[in-house]
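Numbering-wise (my numbering), the sequence shown opens with residue 96 and increments by one.
Every residue, glycine too, gets a C-beta built ideally from N, C-alpha and C.
Below you'll find the structure, written out as structure tokens, and then a few comments.
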Amino acid sequence: MPANNVAREALARFLQERGVDPGRAIDRVEAYERLIRRWNGRGNLVSRRDLKRLRDRHVLDSLSLLPWWKGSLADVGSGAGFPGVPLAIACPEASVTLIERSERKAQFLDQVVIELGLANVDVIEADVGHRQSRGSLDGRVFDTVTARAVAPPPAAWELLHGLLRNRGVALFQSAMPLGAALFRGGEIRDCERAGVGWVTVVGMGG
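Written out as structure tokens, the structure is:
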């Protein structure tokens, strides 16, 4: 069986195991990967080494968050769109907001939305770490917030918790389990192994 067919079948199984109908998702994932490769030379979206392992290192790692994602999603520091774009592809009925401070990367994300027809995705060019750019979010809050490789967990939590709706959660991916002491004012709602790493689910304490 050709390698591309093997990869498609593996992705289909991965999605089905997480309750997602592969349907158009597989075609959109492949189109998304092609866009990253096409733009990477001018946008520095991912490392050259990661281009060879884009599916495993980034796409499947992003989709591993599916069991913990509920409601509206904000992906802070989205960069090339991980994990927000794969999640939006998997769940086209759910609202996803990609927040990225780099103008060039935000332009790439706009192109992804257009070419993949992701009607459930908004792109906001903003730096949530600076008060003056928070205005572009218009006080919006979300049920789930992610930030992949933006900052160490304590600093990322300080950026994220202000974007959470009441009872909302932030999802952190890490190589090892994370302790509650890292999240000032927060509490760990869940911590489980996902793939080769761990997902820690954090909400506001009290």
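Supposed close pair residue i, residue j - CB separation, criterion 8 Å
| i | j | result |
| --- | --- | --- |
| Phe-267 | Val-240 | Incorrect: roughly 10 Å between the Cβ atoms, too far for contact. |
| Leu-161 | Ala-185 | 6 Å |
| Ala-242 | Leu-259 | Contact flag wrong, Cβ pair sits at about 12 Å. |
| Leu-211 | Ala-102 | That pair is no contact at about 18 Å. |
| Val-218 | Asp-205 | 5 Å |
| Gly-176 | Leu-193 | 6 Å |
| Asn-215 | Pro-178 | Actually they do not touch by this definition, with Cβ atoms about 15 Å apart. |
| Trp-163 | Asp-238 | Not confirmed; about 11 Å, so no contact. |
| Ala-120 | Leu-110 | 6 Å |
| Ser-269 | Trp-293 | 5 Å |
| Arg-133 | Leu-146 | Their Cβ separation, rounded to whole angstroms, is 11 Å, which puts Arg-133 and Leu-146 out of contact at 8 Å. |
Backbone secondary structure at residue i - three-state DSSP
| i | result |
| --- | --- |
| Ala-265 | strand |
| Leu-109 | Strictly speaking, residue 109 in this sequence is Phe, with Leu absent from that position. Correct three-state label for Phe-109: helix. |
| Ala-242 | coil |
| Arg-235 | coil |
| Arg-103 | helix |
| Arg-148 | coil |
| Val-223 | coil |
| Arg-288 | strand |
| Val-296 | strand |
| Leu-273 | coil |
| Arg-279 | coil |
| Met-96 | The pLDDT assigned to Met-96 is 44, lower than 50, so where the model puts this residue is not dependable, and the model offers no usable value. |
| Leu-130 | helix |
| Leu-259 | strand |
| Leu-254 | helix |
| Asp-122 | helix |
| Pro-249 | helix |
| Gly-114 | coil |
Cβ pair residue i, residue j closer than 8 Å
| i | j | result |
| --- | --- | --- |
| Leu-182 | Arg-113 | no |
| Asp-170 | Arg-196 | no |
| Gly-172 | Val-245 | yes |
| Arg-199 | Gly-138 | yes |
| Gly-280 | Met-299 | yes |
| Gly-290 | Leu-140 | no |
CB contact check: residue i to chain B, cutoff 8 Å
| i | result |
| --- | --- |
| Leu-158 | The structure shown contains no chain B; it holds only a single protein chain. |
Note to self: For a minimum of 4 consecutive residues, which ranges assigned as the alpha helix (DSSP H) are wholly contained in the region 157-219?
What the structure shows: The region 157-219 contains these whole alpha helix (DSSP H) runs: 179-185 and 198-211.
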